[in-house]
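According to my numbering, the sequence shown is numbered sequentially starting from 246.
Structure record follows, encoded as structure tokens.
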Amino acid sequence: MKRIKFYKVNPLFQSVIYGVAMLFVFIGGNFIQTDFPEYLNNIFMVLGFVILMTYQMKLLFWKNYVETTKNGILIKVNTKKGIRFLYKQIQSSNLSNNTLSITMVNGHDWDFDMTDINRTDVQELHYLIMHHTIENL
Numbered sequence: 246m247k248r249i250k251f252y253k254v255n256p257l258f259q260s261v262i263y264g265v266a267m268l269f270v271f272i273g274g275n276f277i278q279t280d281f282p283e284y285l286n287n288i289f290m291v292l293g294f295v296i297l298m299t300y301q302m303k304l305l306f307w308k309n310y311v312e313t314t315k316n317g318i319l320i321k322v323n324t325k326k327g328i329r330f331l332y333k334q335i336q337s338s339n340l341s342n343n344t345l346s347i348t349m350v351n352g353h354d355w356d357f358d359m360t361d362i363n364r365t366d367v368q369e370l371h372y373l374i375m376h377h378t379i380e381n382l
């Protein structure tokens with residue numbers, strides 16, 4: 246049975262990561278005037294992009310990944326790309342026959358195949374969706 250990696254985004258940590266990376270890119274690109282030698286500016290530029298890429302590549306590290314924020318959820322289970330949902334746009338969710346179905350307010354249905362996924366992780370994902378959907382009513 247495969248596990249789902251659950252990740253709750255800390256907005257302060259995310260802001261610090263993006264801020265530091267942007268600062269390095271701005272210094273490296275000479276948008277902020279410094280007296281650093283050219284090779285040091287290049288190092289800052291590369292370091293800024295490496296920080297951004299490393300933080301964004303967390304989606305590629307895990308095949309089954311769920312990221313939650315205050316306003317939405319990103320689900321990547323048994324697929325190559327994740328799908329982001331806003332909680333206020335989710336009307337209902339249903340779990341049956343190893344399939345998690347999410348119905349949107351506009352009537353569109355999304356089905357996720359939960360075959361070979363740990364049952365407790367599937368139930369936790371379903372609970373997260375239901376909890377936030379009820380909270381936003």
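Glycine residues also receive a C-beta, built at the ideal position from the N, C-alpha and C atoms.
Exercise. Using 8 Å as the Cβ pair cut-off and three pairs as the minimum, do the region 335-346 and the region 363-382 touch?
Worked result: By the Cβ rule, the region 335-346 counts as touching the region 363-382, because three or more pairs are nearer than 8 Å.
For this session: For T378, count neighbouring Cβ atoms within 10 angstroms of its own Cβ and tell me buried if that reaches 16, exposed if not.
Result: Answer is buried; the Cβ neighbour count reaches 16.
Problem set entry | Distance between N286 and F251 (C-alpha atoms, nearest Å) | Cα to Cα, F251 sits roughly 37 Å from N286.
Exercise. Looking only at its own chain, which residues have a Cβ that is under 7 Å from the Cβ of N316, when we skip the five neighbours before and after it?
Worked result: If you ignore the 5 residues before and after N316, its C-beta comes within less than 7 Å of the C-beta of L331, Y332, all in its own chain and listed in chain order.
For this session: Ignore the nearest five residues each way along the sequence and tell me which others in Y300's own chain have a CB closer than 6 Å to its CB.
Result: Cβ contact annotation for Y300 (same chain, cutoff 6 Å, sequence separation greater than five): I262, in chain order.
Problem set entry | Under 8 Å between C-beta atoms of L319 and G327 | The criterion of a C-beta distance shorter than 8 Å is satisfied by L319 and G327.
Problem set entry | Collapsed DSSP secondary structure at D361 in the structure displayed | DSSP places D361 in coil when its eight states are reduced to three.
Exercise. Can you tell which of G352, K253, V270 has the C-alpha that lies nearest to the C-alpha of M298?
Worked result: That would be V270, whose Cα lies nearest to the Cα of M298.
Exercise. For I362, does the count of other Cβ atoms within 10 angstroms reach 16, so buried, or fall short, so exposed?
Worked result: I362 comes out buried.
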